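Going by UniProt numbering, the letters in the sequence shown line up with residues 1 to 484, in that order. Ideal Cβ placement from N, Cα and C applies to all residues, glycine included. Everything numeric in this text was worked out from a predicted model, so none of it was measured.
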Amino acid sequence: MKRFVGILSGTITIASLYIFGNLFFFDSRQSKISRLDSDYVSDSAKYHLSEAIQIKTVSYDDPDLIDSSEFVKFNNFLQLTYPTVFQNTEYHLFGTFSYLIKWKGSDSSLKPIVLMSHFDVVPALEENRSEWKYPPFSGAIKDGVIWGRGAIDDKVGVIGILEAVQTLMKSGFQPKRTVYMAFGHDEEINGLHGANAMAHYLKQQGVEAEFVLDEGGYITQGLVPGMEKDVALVGTTEKGFLTVELSTDIEGGHASMPKKESAISVLTKAVNDVVDNPFPSYISPPLKDFIDFVGPEMPFGLRTVFANSTLLEPVLMSVYEKSPSSNALVRTTIAPTIINAGMKSNVLPKKAHAVLNIRILPGETVDYVFESIKKKVNNEEVKLRILNKSEAAPISDAYSDSFKLLDQSIKETFGDIVVSPYIMIAASDSRHYSEISQNILRFCPFHLNKENLDTIHGENERIGVVEFENSIRFYQQLIKNTTN
Ligand SMILES: [Zn+2]
Numbered sequence: 001m002k003r004f005v006g007i008l009s010g011t012i013t014i015a016s017l018y019i020f021g022n023l024f025f026f027d028s029r030q031s032k033i034s035r036l037d038s039d040y041v042s043d044s045a046k047y048h049l050s051e052a053i054q055i056k057t058v059s060y061d062d063p064d065l066i067d068s069s070e071f072v073k074f075n076n077f078l079q080l081t082y083p084t085v086f087q088n089t090e091y092h093l094f095g096t097f098s099y100l101i102k103w104k105g106s107d108s109s110l111k112p113i114v115l116m117s118h119f120d121v122v123p124a125l126e127e128n129r130s131e132w133k134y135p136p137f138s139g140a141i142k143d144g145v146i147w148g149r150g151a152i153d154d155k156v157g158v159i160g161i162l163e164a165v166q167t168l169m170k171s172g173f174q175p176k177r178t179v180y181m182a183f184g185h186d187e188e189i190n191g192l193h194g195a196n197a198m199a200h201y202l203k204q205q206g207v208e209a210e211f212v213l214d215e216g217g218y219i220t221q222g223l224v225p226g227m228e229k230d231v232a233l234v235g236t237t238e239k240g241f242l243t244v245e246l247s248t249d250i251e252g253g254h255a256s257m258p259k260k261e262s263a264i265s266v267l268t269k270a271v272n273d274v275v276d277n278p279f280p281s282y283i284s285p286p287l288k289d290f291i292d293f294v295g296p297e298m299p300f301g302l303r304t305v306f307a308n309s310t311l312l313e314p315v316l317m318s319v320y321e322k323s324p325s326s327n328a329l330v331r332t333t334i335a336p337t338i339i340n341a342g343m344k345s346n347v348l349p350k351k352a353h354a355v356l357n358i359r360i361l362p363g364e365t366v367d368y369v370f371e372s373i374k375k376k377v378n379n380e381e382v383k384l385r386i387l388n389k390s391e392a393a394p395i396s397d398a399y400s401d402s403f404k405l406l407d408q409s410i411k412e413t414f415g416d417i418v419v420s421p422y423i424m425i426a427a428s429d430s431r432h433y434s435e436i437s438q439n440i441l442r443f444c445p446f447h448l449n450k451e452n453l454d455t456i457h458g459e460n461e462r463i464g465v466v467e468f469e470n471s472i473r474f475y476q477q478l479i480k481n482t483t484n
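Pasting the structure below:
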């Protein structure tokens with residue numbers, strides 16, 4: 001007994017030493033950078049964003065619904081509003097409407113940077129129109145807020161970058177590094193004619209960018225559990241996707257004499273077999289980066305857990321799996337989105353089909369995931385077909401000079417906040433740029449909180465005027481910092 005107690009207390013002592021040792025060495029990764037005085041921003045900037053919102057550059061999956069005259073209008077609007085930018089740069093159009101603008105730097109030995117965003121928007125559904133406080137394409141400026149579709153996704157990026165560049169040009173600023181601006185017109189429908197074509201062109205030109213900055217994470221307020229401070233999340237990678245169709249075609253017949261198996265029962269079993277066997281959850285390298293950057297800033301309890309993430313991985317996973325948004329960070333997720341069978345109440349359908357929307361964790365491949373899905377279904381009567389796919393993005397180094405430069409620019413603009421890498425769950429146009437740069441960073445320079453979170457692709461999308469002006473300041477600061 002004595003011996004047992006001895007072993008037990010010895011084990012507890014070693015475990016405590018290990019846990020608190022990890023905690024002791026769990027140092028903050030936050031740079032100490034102070035906020036700078038606010039840069040000048042033109043008073044007309046807010047009206048420009050408002051005008052941009054009023055042009056209905058809506059992307060639809062069905063190309064027949066797209067109104068190209070609105071895109072022409074948007075292109076003309078940019079040329080008219082930013083004459084200084086267009087006079088001092090070279091530009092090319094891709095897929096008719098996407099702009100690639102080159103602001104030549106003074107030192108051609110330095111790698112250029114690419115600032116991306118997109119000016120197409122998702123539709124504002126007719127049935128939800130009454131929920132908008134101001135009409136979605138009004139661009140209303142009321143009580144210091146600019147309202148409308150595209151206010152934060154992502155006309156704020158296009159207008160923010162152009163305002164910043166025009167202001168810098170007018171002040172006589174000359175960048176050392178070449179600055180490319182890449183504004184897509186079809187991001188919401190995969191970016192094949194815009195971003196993809198622009199990235200190909202840059203590749204052909206032999207361009208290797210120091211970094212590429214696209215939309216992505218935000219300055220989150222109260223959205224990282226356990227964190228009181230604001231956290232600027234910079235996407236260092238993004239999940240891949242895979243859309244798989246499951247179909248079956250078996251003998252039908254009359255509903256009065258049903259066979260044991262029908263197209264419906266076979267297909268629903270297949271869908272359930274996939275969904276009931278989720279992909280494993282684990283701490284992938286980009287999630288480890290997030291833990292290492294955010295963890296040391298947490299209150300004691302959570303800091304201890306994060307400092308021991310390897311030892312406590314099962315505990316952490318059980319916490320992450322609880323909410324859909326954090327569950328999406330720890331595994332490849334599967335969502336059945338379409339299921340179809342049957343036409344008549346007394347006829348057994350011959351055919352049934354379903355669609356699975358799968359989001360792939362960085363580090364896993366489309367092939368691996370597709371083979372796993374096949375194994376989960378394991379039924380020759382069910383055919384699987386890939387409808388579309390994209391590999392998860394490579395992981396950018398969270399300790400690179402580019403990440404540090406972005407971190408500096410964020411803190412110089414927004415003050416004392418936590419900056420952390422994270423895994424972007426949604427897909428962005430930046431995935432087309434993997435071959436142009438090793439440093440692809442995804443960040444939107446404004447705040448996201450419980451109030452405006454659901455307005456992205458939802459109702460009442462809006463941005464505060466001051467918030468928008470700070471976005472412009474951020475882009476100015478970033479461009480200036482690439483020159484120092
Ligand atoms: Zn977007």
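So does residue i have its beta carbon nearer than 7 Å to some heavy atom of ligand 1?
| i | result |
| --- | --- |
| residue 485 | Shown here, the chain extends from 1 to 484; a query on residue 485 therefore has no answer. |
| residue 276 | no |
| residue 187 | yes |
| residue 153 | yes |
| residue 353 | no |
| residue 432 | no |
| residue 215 | yes |
| residue 118 | yes |
Compute the beta-carbon to beta-carbon distance between residue i and residue j, rounded to the nearest angstrom, for a pair I have assumed lies under 8 Å.
| i | j | result |
| --- | --- | --- |
| residue 261 | residue 250 | 7 Å |
| residue 290 | residue 399 | Not really, about 13 Å apart at Cβ, beyond 8 Å. |
| residue 320 | residue 311 | Residue 320 to residue 311, Cβ: 16 Å. No contact. |
| residue 149 | residue 245 | Their Cβ separation, rounded to whole angstroms, is 31 Å, which puts residue 149 and residue 245 out of contact at 8 Å. |
| residue 471 | residue 160 | 4 Å |
Is residue i a contact residue of ligand 2, with contact defined as CB to any heavy atom under 7 Å?
| i | result |
| --- | --- |
| residue 193 | Ligand 2 is not part of this structure, which contains only ligand 1. |
By the DSSP assignment, the beta strand (DSSP E) with residue i in it spans what residues?
| i | result |
| --- | --- |
| residue 220 | 211-220 |
| residue 246 | 240-249 |
| residue 345 | Taken as a continuous stretch (DSSP letters only), residue 345 belongs to no beta strand (DSSP E), as it is neither H nor E. |
| residue 29 | Neither: residue 29 is in no beta strand (DSSP E) and is coded neither H nor E. |
| residue 114 | 113-118 |
| residue 422 | 418-424 |
Counting along the chain, where does the alpha helix (DSSP H) carrying residue i start and finish?
| i | result |
| --- | --- |
| residue 320 | 313-320 |
| residue 169 | 155-170 |
| residue 278 | Neither: residue 278 is in no alpha helix (DSSP H) and is coded neither H nor E. |
| residue 466 | 465-481 |
Quick check on residue i: does DSSP put it in helix, strand or coil?
| i | result |
| --- | --- |
| residue 180 | strand |
| residue 194 | coil |
| residue 333 | strand |
| residue 307 | helix |
| residue 7 | helix |
| residue 357 | strand |
| residue 48 | helix |
| residue 207 | coil |
| residue 97 | coil |
| residue 127 | helix |
| residue 76 | helix |
| residue 390 | strand |
| residue 109 | coil |
| residue 36 | coil |
Taking just the CA atoms, how far does residue j sit from residue i?
| i | j | result |
| --- | --- | --- |
| residue 442 | residue 24 | 31 Å |
| residue 37 | residue 409 | 13 Å |
| residue 449 | residue 223 | 6 Å |
| residue 186 | residue 202 | 18 Å |
| residue 14 | residue 281 | 28 Å |
| residue 60 | residue 259 | 42 Å |
| residue 393 | residue 48 | 33 Å |
| residue 39 | residue 337 | 47 Å |
| residue 396 | residue 439 | 5 Å |
| residue 68 | residue 176 | 37 Å |
| residue 78 | residue 242 | 35 Å |
Please decide whether residue i counts as near chain C, where near means a Cβ-Cβ distance under 8 Å.
| i | result |
| --- | --- |
| residue 435 | Among the protein chains of the structure shown there is no chain C, as only one such chain exists. |
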